[in-house]
Every structure is written in structure tokens, then in C-alpha cells.
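Taking my numbering, the leading residue of the sequence shown gets -19, the next gets one more, and so forth.
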Amino acid sequence: MSLNGSAFVKLRGGVKMFGAFQALDHVNLDVAKGEKIVICGPSGSGKSTLIRCINGLEELQKGSVEIDGKPLIDKSRGRMAPRRDIGMVFQQFNLFPHLKVIENCTLAPIRVLGKSKREALENAMEMLRKVRIADQADKYPSQLSGGQQQRVAIARALCMQPKIMLFDEPTSALDPEMVKEVLDTMVSLASEGMTMICVTHEMGFASQVADRIVFMDQGRIVEEATPKEFFAAPKHQRSREFLSQLLH
């Protein structure tokens, strides 16, 4: 299902096993360019596995992923260029502790994209300004709060000039008072038209930003709806149970 135009991300027949456990059970998902998708569901439903497969961090046993019309993985050539078009932000910040913020943001553009140091620095400062943390550029991650570190992680992903951003529960490791600053950054990014897939339990964010909510259970997508439809009148019994537990 896609709400506007042709699919920028196309997942077909996705099956992922971890031993005897089936994390994804023949999942299909389309995401249009510029669309904001929120994926939610109970623990173990396959949410994080789904976006890790879209990013190529996990490989499907069956099925395929296309990004902008190109296969994510070509068996004869290995991972292809489309993976460079994907930015990902994790639950943990995964910043290099021995590098300053600005160095965290310039390392990959220089080594992977071949940018000059000057170009990478200029771009990194622009992205740090975008997430409102440019004044911390010369600090080390250990000198920052959790919310600041997560905003640096978002800036670092943006420095690779991705066409789509994936977020895997980016606020789950934060203290409650730090959640808002990260969500505000994501809201701002969404308003600029970035294609986004977010795994999150932040239903306020989902209501404000999402074009579509995808609800998963037991490795399957059991419901897709607009936020208004999902929150007002979820069609699936499992969705109603999930919302009842989450909102009360």
C-alpha cells in the first residue's frame, strides 16, 4: 500500500528467520517518496527486523527489497549503491567515543563519499545547525546528554545525504525530559519532505507526523491506516488491544 505516487521503497514477500523463530512472515510494504510511515506493534512483532532488512543490516531468506527502483542486494555483485541512500538512527547512539562530534559527522562522507575535508566540514556544520546542536561540534560524545547524542546521530546520518531516513525507536533509551528534543528534530525533518520510516511507541509523534501507521504483530502487517483512522477506529482486534494497553 502507498498513499501517494509510485513506491520509493518496495518490499515484497519478506521472510526472515532467526533459527526456528520467524521474525517476518511474507511481508509486503510500499513507501512513496516523501511519505512518513510509523511502524508500531508489541515487542517481538518484527518492527526493528523490518527496517533492518530495508537497510540491508539483515538479509531476507525470501523476498526482495528495492530502493528507488533498484535492488538493495544483487547476489552477483553484493550490496549496491542504493544502500548509500539510506540513513539510519538506532536506539543506541553508536557514536565513536574517541572522536569529536564534528569528526563523527565527517568521517563517512570523506571515506565513503570521497568528499574533501573542507566540503565535509561545511556539510557537517550545516547538518548540526539543522538539528540545533552546532555549538557542541568540538565536544566528545561523553560530554553530551543522551538527547544531544541522539541529535548528533541524526546529523551524522544526514551528512551522507540520504534519500530516506529509518529510525529504530530513537527515543527509547532516553530519559523522558530528553525525548521531546529528539522528537522535535524528527518533526522538523519530516516537515522538509524527507521520506521516513519510524519504529516508535511515541503515538503523539505518530499522530502529528505520520501519513500512514503500519501495525505489526507476529511478523506480519495486520493493519495500515492514516493516524486518524488508526486512533479513532482501528479495524483489527489486535490493534485495538495494543492501543488500549498503550494509551491507558
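Note that beta-carbon positions come from the ideal geometry of N, C-alpha and C, so glycine has one too.
Everything numeric in this text was worked out from a predicted model, so none of it was measured.
Counting only the same chain and skipping the five closest in sequence on each side, list residues whose C-beta sits under 7 Å from that of residue i.
i, result
"Pro207", "Ala186, Ser187, Ala190 and Ile193"
"Met(-19)", "Residue confidence is low: Met(-19) scores 44 on pLDDT, short of 50, so the model does not pin down where it sits. Its coordinate-derived value is still stated next. Contacts found: Asp10 and Glu204."
Looking at residue i: is its Cβ nearer than 7 Å to the Cβ of residue j?
i, j, result
"Glu203", "Phe195", "yes"
"Val162", "Gly127", "yes"
"Lys(-4)", "Leu40", "yes"
"Lys42", "Ala170", "no"
For residue i, which of the options has the nearest alpha-carbon?
i, options, result
"Gly24", "Glu83, Pro142, Glu99 and Gln198", "Gln198"
"Gln225", "Phe(-12), Lys13, Pro22 and Lys16", "Pro22"
"Lys143", "Ile66, His216, Asp155 and Met107", "Ile66"
"Ile53", "Asn74, Ile34, Met158 and Ile201", "Ile34"
"Arg200", "His216, Asn103 and Phe210", "His216"
"Asp5", "Ala137, Arg(-8), Ala12 and Lys13", "Arg(-8)"
Reducing DSSP to helix, strand and coil, say where residue i ends up.
i, result
"Asp197", "strand"
"Phe76", "coil"
"Pro51", "strand"
"Ile34", "helix"
"Glu15", "coil"
"Val(-11)", "strand"
"Lys(-4)", "strand"
"Cys85", "helix"
Please list, in chain order, all residues of the same chain as residue i whose beta carbon is under 8 Å from its beta carbon, the five residues on each side excluded.
i, result
"Pro77", "Tyr120, Pro121 and Ser122"
"Met166", "Ile134, Phe147, Pro150, Met176, Cys178, Phe185 and Val189"
"Ala114", "Met105 and Leu108"
Would residue i be called buried (16 or more neighbouring beta carbons within 10 Å of its own) or exposed?
i, result
"Ala100", "buried"
"Asn(-16)", "Residue confidence is low: Asn(-16) scores 45 on pLDDT, short of 50, so the model does not pin down where it sits. No coordinate-derived value is stated."
"Phe1", "exposed"
"Ala(-13)", "buried"
"Arg220", "exposed"
"Val(-11)", "buried"
Within a Cβ cutoff of 6 Å, which residues of the same chain sit near residue i, ignoring the five residues on either side of it in sequence?
i, result
"Ile19", "Lys27, Val179 and Val194"
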